[in-house]
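Enquirer: Residue numbers (the numbering used here): 172 to 538. Think of the CB as a built atom: it goes at the ideal place given N, C-alpha and C, for glycine as much as any other residue.
1) Secondary structure at residue 377, three-state DSSP: helix, strand or coil?
2) For the pair the segment 344-360 and the segment 486-504, tell me if three or more CB-CB distances fall below 8 angstroms.
3) Go to residue 266, then tell me how far its alpha helix (DSSP H) extends in each direction, as first and last residue.
4) Going by Cα to Cα distance, which pick from 442, 424 and 444 is closest to residue 435?
5) Tell me which residue opens and which closes the alpha helix (DSSP H) that residue 394 is part of.
6) DSSP has residue 429 in a bridge; who is on the other side?
7) Suppose you measure from the CA of residue 538 to the CA of residue 428; what does that come to, to the nearest Å?
8) Provide the residue(s) that pair with residue 482 in DSSP beta bridges, ordered along the chain.
9) Based on the DSSP output, what are the partners of residue 446 in its beta bridges?
10) Provide the residue(s) that pair with residue 242 in DSSP beta bridges, ordered along the chain.
11) Can you pull the DSSP bridge partners for residue 495?
12) When you compare only the Cα positions, how much space is there between residue 307 and residue 339?
13) Would you check if the distance between the CB atom of residue 262 and the CB atom of residue 242 is smaller than 8 angstroms?
14) When we look at the beta-carbon of residue 248 and count the other beta-carbons within 10 Å, is it buried (16 or more) or exposed?
15) Could you tell me if residue 191 is buried or exposed, where buried requires 16 or more neighbouring beta carbons within 10 angstroms of its beta carbon?
16) To which residues of the same chain is residue 449 closer than 8 angstroms at the C-beta, ignoring the five residues directly before and after it?
17) Tell me, please, whether the segment 395-408 touches the segment 199-216 by the rule of three or more beta-carbon pairs shorter than 8 angstroms.
18) Would the segment 299-315 and the segment 369-380 be scored as touching if the rule is three or more Cβ pairs under 8 angstroms?
19) Could I get the ranges of all uninterrupted alpha helix (DSSP H) runs contained in the segment 264-324, with 4 residues as the minimum, in chain order?
20) What residue range does the beta strand (DSSP E) around residue 359 cover?
21) Residue 500: buried (16+ other C-beta within 10 angstroms of its C-beta) or exposed?
22) Do residue 391 and residue 300 have their C-beta atoms within less than 8 angstroms of each other?
23) Tell me where the beta strand (DSSP E) around residue 195 begins and ends.
24) Do the segment 377-393 and the segment 471-483 make contact, defined as three or more Cβ pairs closer than 8 angstroms?
25) Given a cut-off of 8 angstroms on the beta-carbon distance, is the pair residue 527 and residue 318 in contact?
26) What are the boundary residues of the alpha helix (DSSP H) that residue 205 is part of?
27) Does DSSP put residue 463 in a helix, in a strand, or in coil?
28) Can you tell which of 322, 323, 383 and 346 has its C-alpha closest to the C-alpha of residue 363?
29) Answer yes or no: do residue 394 and residue 278 have a C-beta to C-beta separation smaller than 8 angstroms?
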């Protein structure tokens, strides 16, 4: 793989550049993006360079004075439900405070994720795999070999519900706090699903009864400092393929959402969690376009490493015959179903196969 250290000249990309060989060579190191940074590179490898039109930023972002809604969950009433409805219909994103998870737990979760990535490569290698059926999966870009360009990000993840790994199967660096944090997020998720159901005029238990909070994937990202952030992304434009996502991010930031054709920063709020609607729930499939699954991305940064923990409510690739389709109570002659029914497994399998190519998987399921 071609990369330069601080004492080397910039790499020259030949006209017969063999991208597949470069990808294989990088993946075989099992050191991830952090391994490149630890080696002191000053020029990012060609496999991470995105086309200029994909990287384009909006010059007037800072002039919009835009912030996504921040919703206080300390006391649930009609006003809170109305705020959740407005945020889900308009932005697809909102932040929650007084959510019931102690700040100390949030901080410890981020610290332990950081500790995992700070370990020697040889320690982390035991978890490095592209087999998503493993209990714990650590790698760089799940779609490394299918995406148009690689993202400047390393990830480890595991499913903490409905069938969590045995504690000893989790990385020792974050084992105890990962178990505790997952339990707390599951409780918060039940509350959020209740609020979202009420926001649609349904019974509080509607989405819980549908099994929307049966599964939880805990995905821990590391975005190392990047010597050329203007050439790459931390995460390409995408929507989330689960039911609901709860994001914990550190102070560095980098998350952006696409709102009215503008990329808008979602700055971290101390003690808050960011919630976004996924494709499979009120997103577009079940709410029939009432709530929005919004495209978002993560920009690369000179500062780092940035760490985040995204908790996806989904049973993902686990075998399931349960079908999901637009909710009958939300349909009418004037609002017919817009999407065909599907299983979580089918939807996520399709999403995995296409990778983060910037095109929503929902289009494949549209009637």
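Expert: Inspection of the coordinates gives the following:
1) helix
2) no
3) Run containing residue 266: none in the alpha helix (DSSP H); it sits in the beta strand (DSSP E), 264-268.
4) 424
5) Here residue 394 belongs to no alpha helix (DSSP H); instead the beta strand (DSSP E) covers 387-394.
6) 434
7) 26 angstroms
8) 389 and 417
9) 265 and 417
10) 267
11) 513
12) 11 angstroms
13) no
14) exposed
15) exposed
16) 410, 411, 412, 413, 414, 415, 416, 464, 483, 484 and 485
17) yes
18) no
19) 274-289 and 292-295
20) Here residue 359 belongs to no beta strand (DSSP E); instead the alpha helix (DSSP H) covers 346-370.
21) exposed
22) no
23) No beta strand (DSSP E) holds residue 195; the alpha helix (DSSP H) holding it covers 190-200.
24) yes
25) yes
26) 203-209
27) coil
28) 383
29) no
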